[in-house]
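Residue numbers (the working numbering), protein chains in the order written: chain A, 1 to 432; chain B, 433 to 719.
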């Protein structure tokens, strides 16, 4: 007898774009009255009636999920990855019963708890202890459950001293720690997690990761959605890759992540991007490209080709202390993070209003063959982030200019980067 | 392998989420399971409202006292509206605390979906727990105000509280009906505001108009005989009349109109619960 705990069958979810309903009673009544007299609905969209519209393109309907089906066995830690808008969040929302599917069915066994956000329902005026009870109850725990785990939760969150302080006085770190602690002690049979681990300091993240792994080992089932491939790799045995609402790949994590990153890398739109200008951002990255040394946009490079990045950003009001940075990831793991102020001594230089362009030439050879992605963001160091564009650019590196047997450092050898080093060697003692 | 055992094991699933559930897919057992959450919501409402106020829960008493005082002056002294022979202060206070309980229940539950969208969008719990907890936390306020009313009553009766003992017998039923009616109307409105945002504007002043259509500041007997039947359409009217009859001995006790209002209350509540259940499954896509 298999012990399947979640079974998703032929799941579809439709969203309507643009205006939903008529939003006013009078027009709805008008439509209803017209239908009653078998007249044409005066408020009907012009192309209504053509059934081809359902699910087709070019109309105001949009299928966020199409024909999704999978099963999850007990004790499995299943990762769900995909680009923004691939349907991950919609799937999680349906699984956590926040919204209903348009077609299809989900069946599950045991208590399900979802962490689409930590600290849901926290009330700023109430103390930490009071919020533990409230948040726990919202997540489905009984008062007795919470009371028996209260000490454990408080210890996990490391806020013993402040537990009777209203949470509005907490630092954001404390707030998140407490919220995660409550969620981590839920002990449901099935836990759904959406990137909440991306919060808190590194130490706490590690602790959360450990807790999640422990949950998996205890025979409970975890569904984990994240953009952070190294986390997915560390936690999950199996992965679903979603693309445009469909399951593009299902299988072992390593293969799935590779597949996802390849898909990101081969997309023509991932070697450049454009953002609509949004003056509320103060400083906004409006476009970016991956180019070769001649300035031509391209997404695939040889190990020895120089790779160049270009970013254009607009400063909407004169600012000081701001930085623009990018993070280079290989298979979802960060290789390095670079700030535009790294080599500039005067970090506090202010930036007048205007449009700027930055060019970065990445050293070569440095990258081994594989797929790489760029995440860029702007903000004030250690203070705030204006904008963060996750995996907006991607490129692939291959080895074809020279035989790989000679250059195995750039290909098969263990290690993350390819650095041919000059070994200066001389014989320092003759044999006797 | 995939299809064959599925039928046989249908019962082993704890929960099935499907596209459309029926109109009457109500799960009272689930709400009972979340009773701790209801209790915590009630407690949160109570604590959070008064946490940074000086007078705290005293506001529960000050509000009706001040309003009653104003009513007594304006409607009693200036407009000279009859009070069926009851002391004006008691007359207005009794009408007011009943009306206030009903109106508070209605207004605060009518905002259930829109006001809690951020929580509802993240976690599942039976949505009905929110309006139920609102009605219960308002009940606490009503309880306090009712004690105030009893105190004033004793004062006017110079110590004789039990002149009309039937009041205490009817009280639980009356309170339950006010709560049910407020909850029913409130969740109907909250389910409809998702589609028609205009309704939330209507609720505020609609409740004011409704108050004047209810014998709160005047007795039902002030209504011309010819138009008395109109009061039958308003389920709150017999409620307040019965309440006054039970405690003040004035007003009319018309069993027929009270029964009619009871039937209407049950109907509104049922319609509300069904509508609410229907809406809670998909409202996140439209908010």
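Note that the Cβ used here is the ideal one computed from N, Cα and C, for glycine as well.
Report task. Step through the CB atoms of chain B and report whether any lies within less than 8 Å of the CB of residue 107 of chain A. Result -> For this step, residue 107 of chain A is matched to residue 107 along the first chain. Yes - at least one Cβ of chain B is within 8 Å of the one on residue 107 of chain A.
Report task. Report the rounded CA-to-CA distance for residue 259 of chain A versus residue 571 of chain B, giving the unit in angstroms. Result -> Your numbering for residue 259 of chain A matches position 259 in the first chain. Your numbering for residue 571 of chain B matches position 139 in the second chain. Residue 259 of chain A and residue 571 of chain B: Cα-Cα distance of roughly 58 Å.
Query raised in the report: Thinking just about the alpha-carbon of each residue, which of A/308, A/127, A/114 is nearest to the one in residue 162 of chain A?
Result: As a first step, residue 162 of chain A is located in the first chain; it is residue number 162 there, counting from the start. Of the candidates A/308, A/127, A/114, the residue whose Cα lies closest to the Cα of residue 162 of chain A is A/127.
Query raised in the report: Taking residue 527 of chain B as the reference, which of B/644, B/701, B/694 has the closest Cα?
Result: Along the second chain, read from residue 1 onward, the residue named residue 527 of chain B stands at position 95. Answer by Cα proximity: B/644.
Requested in this report: For residue 418 of chain A, I'd like the list of residues in its chain whose CB is within less than 7 Å of its CB, leaving aside the five on either flank, ordered along the chain.
Outcome: Taking the first residue of the first chain as position 1, residue 418 of chain A is located at position 418. Residues 303, 365, 366, 367, 368, 409, 410 of the same chain have their beta carbon placed closer than 7 Å to that of residue 418 of chain A, with the five preceding and five following residues left out of the count.
Query raised in the report: Since residue 114 of chain A meets chain C, which of its residues come closer than 9 Å, beta carbon to beta carbon?
Result: In summary, chain C is missing from the structure at hand, where the protein chains are A and B.
Query raised in the report: Mind checking if residue 185 of chain A is an interface residue toward chain B, Cβ cutoff 8 Å exclusive?
Result: As a first step, residue 185 of chain A is located in the first chain; it is residue number 185 there, counting from the start. No - not a single Cβ of chain B is within 8 Å of the one on residue 185 of chain A.
Requested in this report: Grab me the residues of residue 250 of chain A's own chain with a C-beta within less than 7 Å of its C-beta, minus the 5 sequence neighbours each way, in chain order.
Outcome: Against the first chain, residue 250 of chain A aligns to sequence position 250. Taken in chain order, the residues that qualify are 70, 240.
Query raised in the report: Where do the ends of the beta strand (DSSP E) carrying residue 423 of chain A lie?
Result: As a working note, residue 423 of chain A is residue 423 in the first chain. Careful: residue 423 of chain A lies outside any beta strand (DSSP E) and carries neither H nor E.
Query raised in the report: Looking at the C-beta of residue 182 of chain A, does it have a partner C-beta in chain B at a distance below 8 Å?
Result: Your numbering for residue 182 of chain A matches position 182 in the first chain. Chain B contact via Cβ: absent.
Query raised in the report: Is it right to say residue 429 of chain A is buried, meaning 16 or more other beta carbons lie within 10 angstroms of its own, or is it exposed?
Result: If you number the first chain from 1, residue 429 of chain A lands on position 429. Its Cβ having fewer than 16 others within 10 Å, residue 429 of chain A is exposed.
Query - Residues sharing a beta bridge with residue 463 of chain B, DSSP - result: For the purposes of this step, residue 463 of chain B is taken as residue 31 along the second chain, with counting starting at 1. Bridge partners of residue 463 of chain B: none, in fact.
Query - Burial state of residue 63 of chain A (16 or more Cβ within 10 Å) - result: Stepping through the first chain from its first residue, residue 63 of chain A is reached at position 63. Label assigned to residue 63 of chain A: buried.
Query raised in the report: So, is residue 134 of chain A buried or exposed, given that buried needs 16 or more other C-beta atoms within 10 angstroms?
Result: Here the question's residue 134 of chain A lines up with position 134 in the first chain. Residue 134 of chain A should be labelled buried.
**Report entry** At least 3 beta-carbon pairs within less than 8 Å: the segment 488-502 of chain B vs the segment 606-613 of chain B
**Finding:** Touching, no, given that fewer than three Cβ pairs across the two stretches are closer than 8 Å.
Query raised in the report: Can you tell me the Cα-Cα spacing of residue 360 of chain A and residue 317 of chain A, whole angstroms?
Result: Working through the first chain from its first residue, we reach residue 360 of chain A at position 360. Working through the first chain from its first residue, we reach residue 317 of chain A at position 317. The straight-line gap from Cα to Cα measures roughly 24 Å.
Query raised in the report: Alpha carbon to alpha carbon, what distance is there between residue 333 of chain A and residue 431 of chain A?
Result: Locating residue 431 of chain A in the first chain gives position 431, counting from the first residue. Locating residue 333 of chain A in the first chain gives position 333, counting from the first residue. Rounded to whole angstroms, residue 431 of chain A to residue 333 of chain A spans 48 Å at the Cα level.
Query raised in the report: Which partner residues of residue 438 of chain A appear in the DSSP bridge assignment?
Result: Residue 438 of chain A lies beyond the residue range present for chain A, which begins at 1 and ends at 432; the question has no answer from this structure.
**Report entry** Enclosing beta strand (DSSP E) for residue 356 of chain A [first to last residue]
**Finding:** Reading the first chain from its first residue, position 356 is the one you call residue 356 of chain A. Per DSSP, the continuous beta strand (DSSP E) segment holding residue 356 of chain A begins and ends at 354-362.
Query raised in the report: Would residue 104 of chain A be called buried (16 or more neighbouring beta carbons within 10 Å of its own) or exposed?
Result: In the first chain, counting from the first residue as 1, residue 104 of chain A sits at position 104. Counting Cβ neighbours within 10 Å, residue 104 of chain A comes out buried, since at least 16 surround it.
**Report entry** residue 389 of chain A: first and last residue of the uninterrupted beta strand (DSSP E) it sits in
**Finding:** Position 389 of the first chain, counted from the first residue, corresponds to residue 389 of chain A. Under the DSSP assignment, residue 389 of chain A falls in the beta strand (DSSP E) whose first and last residues are 384-398.
Requested in this report: Round the Cβ separation of residue 651 of chain B and residue 514 of chain B to the nearest angstrom and send it over; I've been treating them as touching at under 8 Å.
Outcome: Your numbering for residue 651 of chain B matches position 219 in the second chain. Your numbering for residue 514 of chain B matches position 82 in the second chain. Contact holds; Cβ gap of about 6 Å.
Query raised in the report: Using the beta-carbon of each residue, which ones in chain B are nearer than 9 Å to residue 94 of chain A?
Result: Along the first chain, read from residue 1 onward, the residue named residue 94 of chain A stands at position 94. Within 9 Å Cβ-Cβ: 449.
Requested in this report: Could you spell out the range, first to last residue, of the alpha helix (DSSP H) harbouring residue 154 of chain A?
Outcome: Taking the first chain and counting its residues from 1, one reaches residue 154 of chain A at position 154. Boundaries of the alpha helix (DSSP H) harbouring residue 154 of chain A: 143-157, taken from the DSSP string.
Query raised in the report: Nearest CA to the CA of residue 125 of chain A: which residue from B/627, B/477, B/519, B/613?
Result: The residue given as residue 125 of chain A occupies position 125 in the first chain. Across the set B/627, B/477, B/519, B/613, the C-alpha of B/477 shows the shortest separation from the C-alpha of residue 125 of chain A.
Query raised in the report: If we count the other Cβ atoms within 10 Å of its Cβ and call it buried at 16 or more, is residue 677 of chain B buried or exposed?
Result: The residue you call residue 677 of chain B lines up with position 245 of the second chain. Buried: at least 16 other Cβ atoms inside 10 Å.
Query raised in the report: Should residue 415 of chain A be flagged as near chain B, meaning a C-beta pair shorter than 8 Å?
Result: Residue numbering aside, residue 415 of chain A sits at position 415 when the first chain is read from its first letter. Not one chain B Cβ lies under 8 Å of residue 415 of chain A.
Requested in this report: Flag this pair as yes or no: are the beta carbons of residue 314 of chain A and residue 188 of chain A separated by less than 8 Å?
Outcome: The residue you call residue 314 of chain A lines up with position 314 of the first chain. The residue you call residue 188 of chain A lines up with position 188 of the first chain. Contact flag unset, no.
Report task. Closer than 6 Å by C-beta to residue 426 of chain A: which residues in its own chain qualify, once you throw out the five before and the five after it? Chain order, please. Result -> Position 426 of the first chain holds residue 426 of chain A. Here residue 426 of chain A has no same chain residue with a Cβ atom under 6 Å from its own Cβ, once five neighbours each way along the sequence are excluded.
**Report entry** Coil, strand or helix - residue 318 of chain A by DSSP
**Finding:** Sequence index remark: in the first chain, residue 318 of chain A carries index 318 (1-based). Note: residue 318 of chain A maps to coil in three-state DSSP.
Query raised in the report: For residue 445 of chain B and chain A, any beta-carbon pair shorter than 8 Å?
Result: The count along the second chain starts at 1 and reaches residue 445 of chain B at position 13. Yes, because at least one Cβ of chain A sits closer than 8 Å to the Cβ of residue 445 of chain B.
Query raised in the report: Skipping 5 residues on each side, what residues in its chain have a beta carbon closer than 8 Å to that of residue 94 of chain A?
Result: Against the first chain, residue 94 of chain A aligns to sequence position 94. 11, 13, 65, 100, 101, 106.
Query raised in the report: Should residue 384 of chain A go down as buried or exposed, given a rule of 16 or more other Cβ atoms within 10 Å for buried?
Result: Within the first chain, numbered from 1, the residue matching residue 384 of chain A stands at position 384. The residue in question, residue 384 of chain A, is exposed, as its Cβ has fewer than 16 Cβ neighbours within 10 Å.
Query raised in the report: Grouping DSSP H, G and I as helix and E and B as strand, with all else coil, what is residue 62 of chain A?
Result: Sequence index remark: in the first chain, residue 62 of chain A carries index 62 (1-based). Residue state, collapsed to three classes: strand.
Requested in this report: Pick out the complete alpha helix (DSSP H) segments inside the segment 228-280 of chain A, 4 residues or longer, and give them in chain order.
Outcome: Fully enclosed alpha helix (DSSP H) runs of 4 or longer: 229-235, 253-266.
Report task. To the nearest angstrom, report how far apart residue 672 of chain B and residue 481 of chain B are at their CA atoms. Result -> Position 240 of the second chain, counting from 1, holds the residue named residue 672 of chain B. Position 49 of the second chain, counting from 1, holds the residue named residue 481 of chain B. Straight-line measurement puts the Cα of residue 481 of chain B at about 28 Å from the Cα of residue 672 of chain B.
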